[in-house]
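Colleague: Okay, so the sequence shown: first residue is 2 according to my numbering, each after it adds one. Cβ coordinates follow ideal geometry from the N, Cα and C atoms, glycine included. A quick note: this is a predicted structure, and the numbers were derived from the prediction, not measured.
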Amino acid sequence: MSSFLRPAKTEPNTKTAAARIPAQAQYRPVSSHLAIAPPVSVVIPAMNEAENLPYVFKTLPDWIHEVVLVDGNSTDDTVQVARDLRPDVTVVKQRGKGKGDALISGFAACTGEIIVMIDADGSADGGEIVSYVSALVGGADFAKGSRFANGGGTDDMTPIRKLGNRVLTTLVNTKFGARYTDLCYGYNAFWRHCLDEIALDCAGFEVETLMNIRVVKAGLRVQEIPSHEYNRIHGVSNLRAVRDGIRVLKVILRERGTRKRAVRPAMITGEVS
Ligand SMILES: Nc1nc2c(ncn2[C@@H]2O[C@H](COP(=O)(O)OP(=O)(O)O)[C@@H](O)[C@H]2O)c(=O)[nH]1
Ligand SMILES: [Mg+2]
Numbered sequence: 002m003s004s005f006l007r008p009a010k011t012e013p014n015t016k017t018a019a020a021r022i023p024a025q026a027q028y029r030p031v032s033s034h035l036a037i038a039p040p041v042s043v044v045i046p047a048m049n050e051a052e053n054l055p056y057v058f059k060t061l062p063d064w065i066h067e068v069v070l071v072d073g074n075s076t077d078d079t080v081q082v083a084r085d086l087r088p089d090v091t092v093v094k095q096r097g098k099g100k101g102d103a104l105i106s107g108f109a110a111c112t113g114e115i116i117v118m119i120d121a122d123g124s125a126d127g128g129e130i131v132s133y134v135s136a137l138v139g140g141a142d143f144a145k146g147s148r149f150a151n152g153g154g155t156d157d158m159t160p161i162r163k164l165g166n167r168v169l170t171t172l173v174n175t176k177f178g179a180r181y182t183d184l185c186y187g188y189n190a191f192w193r194h195c196l197d198e199i200a201l202d203c204a205g206f207e208v209e210t211l212m213n214i215r216v217v218k219a220g221l222r223v224q225e226i227p228s229h230e231y232n233r234i235h236g237v238s239n240l241r242a243v244r245d246g247i248r249v250l251k252v253i254l255r256e257r258g259t260r261k262r263a264v265r266p267a268m269i270t271g272e273v274s
């Protein structure tokens with residue numbers, strides 16, 4: 002059993018006992034059978050999502066350490082709504098433009114050891130965070146959401162986006178020796194050390210592709226987590242299938258796969274790349 006895994010019932014339940022344990026070694030129950038020590042930060046890129054934030058925040062588990070909202074110069078009440086819903090929210094104003102730029106700023110502001118990225122449009126269920134965190138404390142470096150792994154699904158993707166995602170996923174698998182079932186999905190989680198190894202440098206919707214390629218190139222342990230993507234609740238997507246598909250393709254070509262990866266022990270079963 003990993004040193005991070007402890008049955009929840011072994012957690013001492015007295016204030017006196019807890020007070021004797023250093024803060025970083027205290028375990029928080031995250032489900033009926035799992036307690037974890039590492040603090041979990043949740044990063045939410047948001048551009049004009051005031052109407053959707055109440056739904057998103059409502060699904061976040063109460064055991065998370067912090068919420069970092071990256072505001073893309075919203076012209077609605079996104080920031081105020083976030084603060085009303087959660088007075089302890091960390092708000093980051095992004096300097097540049099695009100989702101990639103927003104996430105890079107948000108990751109830099111996180112203080113947790115585990116970082117979860119989740120969209121602000123109501124398409125992702127925060128209740129799934131426990132699955133991501135479980136994979137990470139169980140040995141994965143990077144827990145990658147997939148709408149097309151067994152148990153996953155999407156209500157939000159148009160047929161053209163599904164097709165484009167499928168073609169681009171196959172291309173990444175072929176060029177980089179990955180075994181992904183999804184490529185352009187915004188719900189992922191990872192240990193903060195991954196940030197040093199993937200050194201993100203992109204601005205737009207190609208950010209998830211770049212992360213997925215760099216983790217495989219770095220030989221990190223990646224585990225896919227089946228995830229259900231619901232319809233965006235209010236508003237419309239900022240993604241343009243052709244324009245952003247071309248950006249993703251350019252990243253794939255720029256990263257130049259060789260299919261060679263660092264060898265790691267095959268310790269994770271299931272959807273592993
Ligand atoms: N801060 C910030 N967030 C963005 C930007 N572009 C998109 N987002 C957010 O990224 C998430 C995904 O964007 P969305 O438009 O729903 O794209 P889709 O999920 O691919 O259809 C949402 O929470 C958006 O508000 C941006 O330029 N800045
Ligand atoms: Mg969306």
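(1) Which residue marks the beginning of the beta strand (DSSP E) containing Lys145, and which one marks its end?
(2) Is Arg84 near ligand 1, going by C-beta to nearest heavy atom under 7 Å?
(3) How is Met158 classed by DSSP in three states: helix, strand or coil?
(4) How big is the Cα-Cα spacing for Thr175 and Ala204?
(5) Cβ of Ala47 within 7 Å of any heavy atom in ligand 1?
(6) Give me the DSSP bridge partner(s) of Trp192.
(7) Going by Cα to Cα distance, which pick from Ser238, Asp202, His66 is closest to Glu256?
(8) Please return the same chain residues whose Cβ sits closer than 6 Å to the Cβ of Ile105, not counting the five positions on each side in sequence.
(9) Classify Gln81: buried if its beta carbon has 16 or more other beta carbons within 10 angstroms, exposed otherwise.
(10) Name the DSSP beta bridge partners of Asp72, please?
(11) Between the C-alpha atoms of Lys251 and Asp72, what's the straight-line distance to the nearest angstrom?
(12) Thinking just about the alpha-carbon of each residue, which of His229, Gly236, Ser42, His34 is nearest to the one in Ala109?
Modeller: Let me lay it out:
(1) 143-147
(2) no
(3) coil
(4) 25 Å
(5) yes
(6) Ile115
(7) Asp202
(8) Leu201
(9) exposed
(10) Ala47, Lys94
(11) 26 Å
(12) Ser42
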